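**Student:** The letter at position 70 of the sequence shown is residue 70 when you use our numbering, and the numbering goes up by one with no holes. C-beta: ideal position from N, C-alpha, C; glycine also. Keep in mind it's a predicted model, so treat the numbers as computed, not measured.
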Amino acid sequence: MDELMYNRLVICPHCGSEAPDYEDCVLCGRSFRDIDTPPREIEADEIQKMMMDAKLQEIQVKRGMLLGDTWDHAAWLERLKLLAEIAPEHPKVHYYIGAALTEMGEYRQAIVSFTRALTHDPAMADAIRRRGDCQYLLVPVLSDDVQVYYDRALADYEAALELEPDVYTYNVHGSVISSLGRVEEAIQEYDQAIEVDPDYSETYFNRGYAYKLLGEVDKAVADFERFLTFEKHWNEEMVSMAQSHIKELTQSD
């Protein structure tokens, strides 16, 4: 695997904090390369916070189902920080700090902690995956400044898949690139997700919707019907959505 991008921490000359070596500081939004570049907006409004909370809940449920995450690190944050002082080079300590900060909605600080874990273990796939989740959570709702967060999330998801392919990351990566208009590529991701785990229902829903976008009616209906054969879904509302898609597609024939 090529060396992971952005697995190095630098001192921001503007806020004085350690931050990943992106083009700008993830904590203050100021450019590392051009002092005249206006700072990136880092404050979330109420609509953005609501959307981030909803996306975090979705990620929590999916990771709990697929990866066994317990999501109970926040209560241990202070102890984890003390442990980091004792064992500052232990990647797992920084990984769990990142997990705790994610649970608390401190996604920018979590990105720093996951990056710190990666400075000590660049092959820690779940730190890369979770950092991608944080970038995805930060995608603005009512702003045109979205591409940078998508690009960073995709870079992390792709690196994680190269290290440790899993159905969760194939699906989230596929969903992101589909939202960017790369629907055919997304279908390839869903195909690979099914190869890894053919029993995860959401993949069929996602692939069915992608086929619907492409006008592939028969394939879309087949995937939605396959989705409905499963008893367990991360979001039961998707059942009625799949039924609605089938009705729409079959009535249009």
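1) With Leu9 as the anchor, note down where its beta strand (DSSP E) starts and where it stops.
2) Take Leu101 and list the residues in its own chain whose beta-carbon comes closer than 7 Å to its own, dropping the five residues that flank it on each side.
3) Provide the residue span of the beta strand (DSSP E) that contains Glu18, from first to last.
4) Whose CA, out of Thr203, Leu163, Met238 and Ala19, lies closest to the CA of Val172?
5) I believe Val239 touches Asp197 by the beta-carbon criterion, under 8 Å. Please report the beta-carbon distance rounded to the nearest angstrom.
6) Please report the distance separating the alpha-carbon of Lys247 from that of His233.
7) Would you check if there are 3 or more beta carbon pairs closer than 8 Å linking the segment 121 to 131 to the segment 152 to 162?
8) Would you report the Cα separation of Glu225 and Gly174, rounded to the nearest angstrom?
9) Could you pull out every unbroken beta strand (DSSP E) segment of at least 3 residues lying fully inside the segment 113 to 197, listed in chain order?
10) Roughly how many angstroms lie between the CA atoms of Phe227 and Ile47, to the nearest whole one?
11) Helix, strand or coil for Asp24 per DSSP?
12) Go through its chain and collect everything with a Cβ distance to Ala327's Cβ below 7 Å, but skip five positions before and after it.
13) Confirm, please, whether the CB-CB distance from Glu18 to Leu9 is below 8 Å.
14) According to the Cβ coordinates, are Ala210 and Val183 closer than 8 Å?
15) Determine the burial state of Met1: buried for a count of at least 16 other Cβ atoms within 10 Å of its Cβ, exposed for fewer.
16) Can you give me the start and stop residues for the alpha helix (DSSP H) that Leu66 sits inside?
**Tutor:** So, to answer that:
1) Leu9 to Ile11
2) Gln109, Ala110 and Ser113
3) Glu18 to Pro20
4) Thr203
5) So it is not a contact: roughly 20 Å between Cβ atoms.
6) 20 Å
7) yes
8) 20 Å
9) none
10) 31 Å
11) strand
12) The question about residue 327 has no answer here: the residues shown for the chain are numbered 1 through 253.
13) yes
14) yes
15) Bear in mind that the predicted position of Met1 carries a pLDDT of just 47, short of 50, making it unreliable; the figure below should be weighed with that in mind. It is exposed - the Cβ of Met1 has fewer than 16 other Cβ atoms within 10 Å.
16) Glu46 to Leu67
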